[in-house]
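In my numbering, the protein residues as written are 19 to 214.
Read through the structure below, which is laid out as structure tokens, and then see the notes.
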């Protein structure tokens, strides 16, 4: 799984946001030991919107099978995203429940518009192999803490650096990589390859 730390969420203000380098370091600390690859590829690609990032990744890795991973809060607000309908047609989408968001997400315009392409969780292992549009809503064990609350709580205790990575846009932009775990492109600039 690639955790893409966004340079800036277009739906949020930049005021008070930690620099990208600090958020990347925090994300790497959080991901340590997990099967996550933290990446700043959006910064290196120069993309600002998820649709542009997804299309660029598909061009760079034409043999890859990408799945966009979203929290339920993002499914609920997806119609505010640039080219959100096109996004459903680009890659399969895995949506994970978040506290208090299941009903707003499943009752959202995005869920309604793409209801006929929704699969049950039992099909999760096949999602990367499915042609878009295809999406699954996964109900999971829930943690009530939001990234903002965690970050603000740590700031009050003077331990802000470790959790600065946990901004909403970092979690919102987390995506699954292809099924085979290979290295992310070089840190300096993305390189085209047949598969990551």
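Even glycine gets a Cβ: it sits at the ideal position worked out from N, Cα and C.
Exercise. Which class does residue 39 belong to by DSSP, given the choice of helix, strand or coil?
Worked result: Taking the first residue of the chain shown as position 1, residue 39 is located at position 21. Residue 39: helix per DSSP, three-state reduction.
For this session: Tell me, please, which residues DSSP counts as bridged to residue 135.
Result: As a working note, residue 135 is residue 117 in the chain shown. Looking at the DSSP assignment, residue 135 forms no beta bridge with any residue, so it has no partner.
Exercise. Just to check, is the beta-carbon of residue 127 closer than 7 Å to a non-hydrogen atom of the ligand NAP?
Worked result: Ligands displayed in this structure: none; no statement on the ligand NAP is therefore possible.
Problem set entry | 4 or more residues per run - each alpha helix (DSSP H) lying fully within the segment 87-162 | Runs of the alpha helix (DSSP H) inside the segment 87-162: 90-95, 102-108, 120-124 and 127-131.
For this session: Measure the alpha-carbon distance for residue 38 versus residue 136 and round it to whole angstroms.
Result: Reading the chain shown from its first residue, position 20 is the one you call residue 38. Reading the chain shown from its first residue, position 118 is the one you call residue 136. The C-alpha of residue 38 lies about 34 Å from the C-alpha of residue 136.
Exercise. DSSP three-state call for residue 54: helix, strand or coil?
Worked result: Along the chain shown, read from residue 1 onward, the residue named residue 54 stands at position 36. Of the three classes helix, strand and coil, the one that applies to residue 54 here is coil, per DSSP.
Problem set entry | Delimiting residues of the alpha helix (DSSP H) encompassing residue 72 | Sequence index remark: in the chain shown, residue 72 carries index 54 (1-based). According to the DSSP assignment, residue 72 belongs to the alpha helix (DSSP H) that extends over 68-78.
For this session: Note the first and the last residue of the continuous alpha helix (DSSP H) segment covering residue 60.
Result: Sequence index remark: in the chain shown, residue 60 carries index 42 (1-based). Boundaries of the alpha helix (DSSP H) harbouring residue 60: 59-63, taken from the DSSP string.
Exercise. Is the number of C-beta pairs between the segment 81-97 and the segment 105-122 that are closer than 8 Å three or more?
Worked result: Contact between the segment 81-97 and the segment 105-122 is established, with three or more Cβ pairs separated by less than 8 Å.
For this session: Can you grab the Cα-Cα spacing for the pair residue 95 / residue 51, in whole Å?
Result: Residue 95 sits at position 77 when you count from the first residue of the chain shown. Residue 51 sits at position 33 when you count from the first residue of the chain shown. Roughly 31 Å between the two C-alpha positions.
For this session: Could you check the C-alpha separation between residue 107 and residue 145 for me, to the nearest Å?
Result: To locate residue 107, count along the chain shown from 1; it is residue 89. To locate residue 145, count along the chain shown from 1; it is residue 127. The alpha-carbon atoms of residue 107 and residue 145 are separated by roughly 14 Å.
Exercise. Between 153, 23, 49 and 53, which lies nearest to residue 41 when the distance is taken from Cα to Cα?
Worked result: Here the question's residue 41 lines up with position 23 in the chain shown. Residue 23 is the option with its Cα nearest to residue 41.
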